[in-house]
Amino acid sequence: MNDESQIRINIWLTSFFFIFSFTLYLYTMPPDIAPYRDAGEMAVAAQTLSVAHPPSYPLYILLGHCFQKLPLGSPTFRLNLLSALAGASAVALLFQLISSSFGLGAGTLVASFWMINLTFWHVSQVSEMYSLHVLLILLLWKILDPTASTTSRPKVFLFSFMVALFLGNRSDLLLLLPAILWIFYRQQFFSSKTSLRTYFFALGFFLLGFSIYLYLPIRSNQTPWLNWNNPSHWSNFAASLTRKSYGASLDMLSKQYQTGELFGANLWKNAEHLKENMGWLGLLLCFLGSALQARQESSRWFAIFLAYFFSGPLFLFLANMPPNPHAMAIVEPHYLFSDIFLLFWMAYGIRALLNKYPWAWALCLGQLLVLMIPHTIHSFRRWNFLAQDYAHNVLSSLPPQSLVVARKDVPLFSLWHQQVLLKNNSSIPLLAQGLSGTPWYQDNFNRQYGIGKPISLKQNDPESWEKTQSLLSRRVFATHDTELPNFMNTAPYGLVAEIQSSTPLQEPWPLYVLRGNDRYEEQTDFFSSDLVEAYALGWYRQAAFHITHPSPKEKQGNIDRALYLAWGIKKEFPEIPLSLGILESNRGHWPSAAHFFRRSTQLYERQRIQTEAYHSLPALKDSVRSSSALAYLNLGVSLEKQGKKEEAEKMYQEALERNPQLAEAHYNTAILYWNRDWNRVLEELRETLRLDPNHLRARQALGQVERRGK
């Protein structure tokens, strides 16, 4: 094949990968706002030219603002379109890079593996900067050209400018620095032949590119809709660049663990991600390619190793996130940075395999097909309206003079998006619980809604909620994710609950719209399942309220219906069978009650195992164990009522193993031994009163036993 034919085929294949991948991402992406991390915030920030959360992503915000001017669909759809275009361009550029070094066969297979990478597919559908980040990394790698033995001044100047400019999309691009320095060293840039003037020019071009970050203080001075951290002050500007408010880490959650404590768990999760997206064959090809390149091209291998190590294992060590679904949903898009460099080793392995075994093409295509089918199912979000419907339902059903408090990113940012971009009920203030104590946000909130400054809303401070309600002169409603003080009076109202109220409003459920699949366990990503869970929690809290606040107006059938509707949405919800068991106990239906209590204990046991696997904090583990103890206690009562005393005693012991402070379990055990073993009765009653001196029935029973003894 001559050079002209080779070039023509290369152009055709590059065009094919761009068009096919763009069509794939476009067809499967959400129609508007996606339930994904900061998508709502990014859409609002780009539309209003705001200052987003640190480090504020000025390049993405400016580019996104330009895309939102396109006359296609909604502003958020246009931002999704930017991600799809960036993703498709990254696939095409990856094909170019691989095929130029390893041949068309390796380029075709590696680009195909990357195109259907589940994580990359997802970020190429949503209003986030990750697919653009991948494209910019590949573009820098192409400019850097690790295969070249020398470099030139124009290339160094171009690279200096672009790497600084691209930091305006994501600052973790700095993790490439060791690999960049090594490549420049191998290309003799740091030799004595390089003049001081060249270094100064390179620095000048770097500063010119980095000037993209001047967007922060300039725009902050103009008081945009969102002015995160108010970087118009230089101290705040520096804090935004370094993500000081996040502890200079990925998320503040990591600060609750010792440095490196979760490194092994994170490496394991990363390995699972690689297996899911490359298959066993892809992983073997990566290992093969790495070993071959280390032996044959050690200098280039070391450049890729540095890029992979700092963006992969070292990043995971510093991130130190617990391996639960929420934390992993935050970490997952960051895997893509290091994945890119594994693809070069995969290409090396593919070239070696195909050179020796041409029939291995079929093996690679088979692996691609095995990955393609489930990944297509998981990535089909064409009808995912969950974020839009959730925010619409909350805002459209609230009474006048209301205020909504939200905490988690997706619910809060979806509500912002609904108000700012879709102009739905903009008169209702939205208060971010996690930001409520920061001065910049208090000023920002007052400027947005003009009703005064909020105060810090703390979970362990009921007075802060009362003061907020009084200061802002509003009825305060909290979304499902808000952390409320214990024992605070709340009245359920669909997806939210009214604070400091014991009288529920008329149910808003008939006003709600929920399009698509509303089953928690059938969602294909964490953030979608989290929004679906809000509906289950809404129905459950409504039922729980009427159980604890019985009213003649509320029929028992309505309470049962609410619980079953909640359970239909989320099966793994142990509080629901526990509540159903309590209702059946009140009706004297003991076999049915035992059935529900037993189911509750099974679900709590699954939760307990998950808290161990997820390295959950001790407070959460204790909470699950204490809650499960109540299920075992009630199961014991229902068995005792059926005359199954031995089984009942076992359940009381199970309850005490999970919560040794559960006085009622000791009291019930004492009653079990009544007229059978008075010493045991005395022992259990005294332990009951030690744990709960105000236990009236235990005190009365102890008096009877002591009088009998006399």
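Numbering-wise, the numbering used here puts 662 at position 50 of the sequence shown, and it's gapless, one number per residue.
The beta-carbon is built from N, C-alpha and C at its ideal position, and this holds for glycine as well.
Item                                                                                                                                                                      : Value
Work out the CA separation of Leu926 and Ala814 for me, nearest whole Å.                                                                                                  : 28 angstroms
Taking its Cβ as the centre, do 16 or more other Cβ atoms sit within 10 Å of Arg1211, making it buried, or is it exposed?                                                 : buried
Judging by CA-CA distance, which residue of Gly1150, Pro1272, Gly1255 is the nearest neighbour of Ser1239?                                                                : Pro1272
Using the C-alpha atoms, what's the distance from Ser1014 back to Asp1055?                                                                                                : 20 angstroms
May I ask you to verify whether the segment 650–668 touches the segment 678–693, counting CB pairs closer than 8 angstroms and requiring at least 3?                      : yes
Please look up how many angstroms separate the CB atoms of Pro934 and Leu865, rounded, as I've assumed it's under 8 angstroms.                                            : 7 angstroms
With distances taken from CA atoms, which of Leu838, Leu1297, Leu697 is nearest Leu1043?                                                                                  : Leu838
Using 8 angstroms as the threshold, is the segment 639–650 in touch with the segment 992–1007, meaning 3 or more CB pairs across them?                                    : yes
Tell me which residues share the same chain as Tyr1372 and place their Cβ nearer than 8 angstroms to its Cβ, disregarding the 5 neighbours each side in the sequence.     : The structure shown has nothing for residue 1372, since the chain only spans 613 to 1322.
In the DSSP assignment, find the alpha helix (DSSP H) that holds Thr626 and state where it starts and stops.                                                              : 615–640
Is Leu928 closer than 8 angstroms to Leu879 when the C-beta atoms are compared?                                                                                           : yes
On the CB-based measure, 16 or more other CB atoms within 10 Å of its CB, does Thr1300 come out buried or exposed?                                                        : buried
Can you find the residues in the same chain that come closer than 7 angstroms, C-beta to C-beta, to Ser633, ignoring five residues on each side of it along the sequence? : Gly699, Ala700, Val703, Met727
Ends of the beta strand (DSSP E) at Glu1110?                                                                                                                              : 1108–1111
Is the beta carbon of Asn1198 closer than 8 angstroms to that of Gly1248?                                                                                                 : no
Is it a yes or a no for the segment 1130–1146 touching the segment 1169–1178, going by three-plus beta-carbon pairs under 8 angstroms?                                    : no
Can you give me the C-alpha to C-alpha distance between Asp615 and Leu706, rounded to a whole angstrom?                                                                   : 21 angstroms
Taking the Cβ atom as the reference point for each residue, do Phe679 and Leu693 lie within a distance shorter than 8 angstroms?                                          : yes
Alpha carbon to alpha carbon, how far is Asn1306 from Leu1284?                                                                                                            : 21 angstroms
Are the CB atoms of Gly961 and Gly891 nearer to each other than 8 angstroms?                                                                                              : no
Compute the Euclidean distance between the alpha carbons of Leu1232 and Ile1221, then round it to the nearest angstrom.                                                   : 12 angstroms
Measuring alpha carbon to alpha carbon, tell me which of Leu1047, Gln1030, Ser764 ends up nearest Ile1040.                                                                : Gln1030
What does a CB cutoff of less than 6 angstroms around Glu1252 pick up in its chain, not counting 5 residues either side in sequence?                                      : Ala1260
What is the rounded straight-line gap between the Cα of Ile1327 and the Cα of Val722?                                                                                     : Nothing in the structure corresponds to residue 1327, since the chain is present only between 613 and 1322.
Between the alpha carbons of Gln834 and Gln659, how many angstroms are there, rounded?                                                                                    : 15 angstroms
With DSSP as the reference, label Arg1302 as helix, strand or coil.                                                                                                       : helix
Starting from Tyr1105 and walking both ways along the beta strand (DSSP E), at which residues does that stretch end?                                                      : 1102–1105
With three or more C-beta pairs closer than 8 angstroms as the rule, is the segment 797–808 touching the segment 751–769?                                                 : yes
So what does Ser1014 bridge to, in DSSP terms?                                                                                                                            : Arg1087
Can you give the Cα-Cα distance for Thr1091 and Gln1118, rounded to whole angstroms?                                                                                      : 17 angstroms
Excluding sequence positions up to five away, which residues of its chain have a Cβ less than 6 angstroms from the Cβ of Ser724?                                          : Leu980
Taking C-beta to C-beta, are Asn841 and Leu730 nearer than 8 angstroms?                                                                                                   : no
In the DSSP assignment, find the unbroken alpha helix (DSSP H) run with Leu1043 in it and report its ends.                                                                : First-last for Leu1043: 1042–1044, but that is the beta strand (DSSP E), not the alpha helix (DSSP H).
Just the C-alpha distance for Arg782 and Tyr1226, rounded to the nearest angstrom, thanks.                                                                                : 28 angstroms
Nearest-angstrom Cα distance between Glu1224 and Leu1268?                                                                                                                 : 20 angstroms
Touching or not, the segment 1063–1076 and the segment 847–859, by the rule of three or more beta carbon pairs under 8 angstroms?                                         : no
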